[in-house]
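Chemist: When you number the first sequence by this note's numbering, it's gap-free, plus one each residue, and the end is 250.
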Amino acid sequence: MNPLSPKQKIWFIVNMIPEGNVLAYGKVADLAGLPGRARYVSRALQEAPPHLNLAWHRVINSQGKISFKLNTINFQNQQERLRSEGIEVNKGKISLSKFEWKPDMATLVLSLPF
DNA sequence: AAAATGACTGATG
DNA sequence: GCATCAGCCATTT
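Below, the structure is given as structure tokens:
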């Protein structure tokens with residue numbers, strides 16, 4: 137296969153986050169082999185083709201909060217998507233101890249195409 | 001080329 | 001827990 141572009145790597149990682157779990161922008165960047173590029177992850181999510189049906193709502197910031205501002209359409213959309221799969225959200229805050237994805241690194245590494 | 005912009009982060013008070 | 005801040009980095013002005 138052709139080498140995956142940075143955006144494709146990010147999309148691949150996001151696609152692996154299990155239903156009912158969340159992961160921070162910075163963590164997604166780390167797993168994609170792009171440390172220090174948390175902001176780039178948010179950009180990659182915005183630019184993701186709709187047909188990928190990416191679970192972008194499972195990506196939140198390192199403080200365990202939805203990064204959209206309260207009372208925006210995007211905030212409410214993400215909050216509903218999270219709740220619909222059993223994730224508790226209070227005023228934009230998610231408990232990382234309960235819902236953060238902690239992948240088995242050995243298994244994860246072996247399933248990466250890069 | 002320089003400055004501004006963010007779906008970010010970690011440290012600090 | 002919340003607000004600031006400086007540092008960060010690709011992209012756009």
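Just so it is clear, CB atoms sit at the ideal spot from N, CA and C, and this is done for glycine as well.
1. May I ask you to report which of helix, strand or coil DSSP gives L140?
2. Looking at the unbroken alpha helix (DSSP H) that takes in Q212, where does it start and where does it end?
3. Can you tell me the Cα-Cα spacing of A168 and N207, whole angstroms?
4. Take N151 as the anchor and find which of G200, S203, K205 and A180 has the nearest alpha-carbon.
5. Could you check how far apart the C-beta atoms of A165 and S198 are, in whole angstroms? I think they sit under 8 angstroms.
Modeler: In this structure, then:
1. Indexing the first sequence from 1 puts residue 140 at position 4. It is coil, neither helix nor strand.
2. Position 76 of the first sequence, counted from the first residue, corresponds to residue 212. Note, Q212: alpha helix (DSSP H), I209 to R219.
3. Taking the first residue of the first sequence as position 1, residue 168 is located at position 32. Taking the first residue of the first sequence as position 1, residue 207 is located at position 71. Whole-angstrom Cα-Cα distance: 31 angstroms.
4. Indexing the first sequence from 1 puts residue 151 at position 15. For the residues G200, S203, K205 and A180, the minimum Cα distance to N151 belongs to A180.
5. For this step, residue 165 is matched to residue 29 along the first sequence. For this step, residue 198 is matched to residue 62 along the first sequence. About 11 angstroms; that fails the 8 angstroms criterion.
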